[in-house]
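**Q** Each residue of the sequence shown is one higher than the one before, starting from 55 at the first, in this note's numbering.
All C-beta atoms in this analysis are idealised placements derived from N, C-alpha and C, irrespective of residue type, glycine included.
Please read all numbers here as calculations on a predicted model, not as lab measurements.
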Amino acid sequence: MLVALGSVKGSPGVTTAALALAAVWPRPVVLLEADPAGADLAYRCRAEQGATIAAQPGLLTLAAAVRGGRPTARAVTDQAQRLACGVQLVQGVTSASQARGFTGGIWPAIAAAATAADVDVIADLGRLDRGSPAMALAQAADHLLMVASATLESVMHLSAGLQDVMGAVAQSGPVPVSPLLVGP
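1. Using 8 Å as the Cβ pair cut-off and three pairs as the minimum, do the segment 89-103 and the segment 196-212 touch?
2. Taking the alpha-carbon of residue 218 as reference, which of 176, 183, 72 has the nearest alpha-carbon?
3. Considering only the alpha carbon of each residue, which of 180, 135, 161 lies closest to residue 106?
4. So the alpha helix (DSSP H) residue 98 belongs to, where does it begin and stop?
5. Give me whichever residues DSSP pairs with residue 143 in a beta bridge.
6. Considering only residues of the same chain and omitting the five flanking positions on each side of residue 188, which have a CB-CB separation below 6 Å?
7. To the nearest angstrom, how far is the alpha carbon of residue 214 from that of residue 228?
8. When you compare only the Cα positions, how much space is there between residue 205 and residue 220?
9. Can you find at least 3 beta carbon pairs, one from the segment 72-79 and one from the segment 159-170, that sit closer than 8 Å?
10. Going by the DSSP bridge assignment, what does residue 206 pair with across the sheet?
11. Does the contact criterion of 3 or more C-beta pairs under 8 Å hold for the segment 56-71 versus the segment 105-121?
12. Let's test the definition: count the other Cβ atoms within 10 Å of the Cβ of residue 138 and tell me whether it reaches 16, buried, or not, exposed.
13. Provide the residue span of the beta strand (DSSP E) that contains residue 182, from first to last.
14. Under 8 Å: does the beta carbon of residue 89 sit that close to some heavy atom of the ligand ZN?
15. So which of 119, 193, 237, 159 has the shortest CA-CA distance to residue 230?
16. Please say whether residue 113 and residue 145 have beta carbons closer to each other than 9 Å?
17. Do you know whose CA, among 111, 191, 140, lies nearest residue 102's CA?
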């Protein structure tokens, strides 16, 4: 199962919501940090045993593993590392320039690896719109949660941007899309 989280406006808590969801998930799960703008968890979390999160394995090594081939069921879990909180993480790119290097169908290959994984995958897509490279993951998802902070402005941005996202997601078939409000 692939559950994707995104937002139509930056910084409403997508990464935090994805991490919290992965921490309480009832089955084996990997958190895939697939935000093309760059990953955050290396700055917020510690690896198992309290060490810093290693730069590799991660999304870059996953992209290399699935480039030009059919992903195996272990492609995602082989690129994961355990956080101190117990969550398995495929760390994302460190900058948007790294993500721009993902050409030649890499994002659809990463989406195929996530759907073929031997565990459930929760994917943090960051800011999501029709042109986002991570749209391939949204289109492949079993569920798409669109995150907004619990403010009038954020809800209005979500309302305005949701039609665009839903239209892009629907191009590959029906994907249930649900809003997720975070905050007080």
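**A** The relevant details are as follows:
1. no
2. Here the question's residue 218 lines up with position 164 in the sequence shown. It is 183 whose Cα lies nearest to the Cα of residue 218.
3. Mapped onto the sequence shown, residue 106 falls at position 52. Ranking the options by Cα distance to residue 106, first place goes to 135.
4. The residue given as residue 98 occupies position 44 in the sequence shown. 95-98 is the extent of the alpha helix (DSSP H) around residue 98.
5. In the sequence shown, counting from the first residue as 1, residue 143 sits at position 89. 85, 135, per the DSSP bridge assignment.
6. Here residue 188 refers to the residue found at position 134 of the sequence shown. Correct list, in chain order: 88, 90, 179.
7. For the purposes of this step, residue 214 is identified with residue 160 of the sequence shown, where counting begins at 1. For the purposes of this step, residue 228 is identified with residue 174 of the sequence shown, where counting begins at 1. Each residue's Cα considered, the two are about 20 Å apart.
8. Counting from one through the sequence shown, the residue named residue 205 turns up at place 151. Counting from one through the sequence shown, the residue named residue 220 turns up at place 166. Their backbone Cα atoms lie some 22 Å apart in a straight line.
9. no
10. Here residue 206 is taken as the residue at index 152 of the sequence shown, counted from 1. Residue 206 pairs with nothing; no bridge assigned.
11. no
12. Within the sequence shown, numbered from 1, the residue matching residue 138 stands at position 84. Classification for residue 138: exposed.
13. Translated into positions along the sequence shown, residue 182 becomes position 128. That residue, residue 182, is in no beta strand (DSSP E); it is neither H nor E in DSSP.
14. Ligands displayed in this structure: none; no statement on the ligand ZN is therefore possible.
15. Walking along the sequence shown from the start, residue 230 turns up at place 176. Looking at the Cα atoms, 193 is the closest of the given residues.
16. Your numbering for residue 145 matches position 91 in the sequence shown. Your numbering for residue 113 matches position 59 in the sequence shown. Yes. Within cutoff.
17. One-based indexing of the sequence shown puts residue 102 at position 48. Of 111, 191, 140, the residue nearest in Cα terms is 140.
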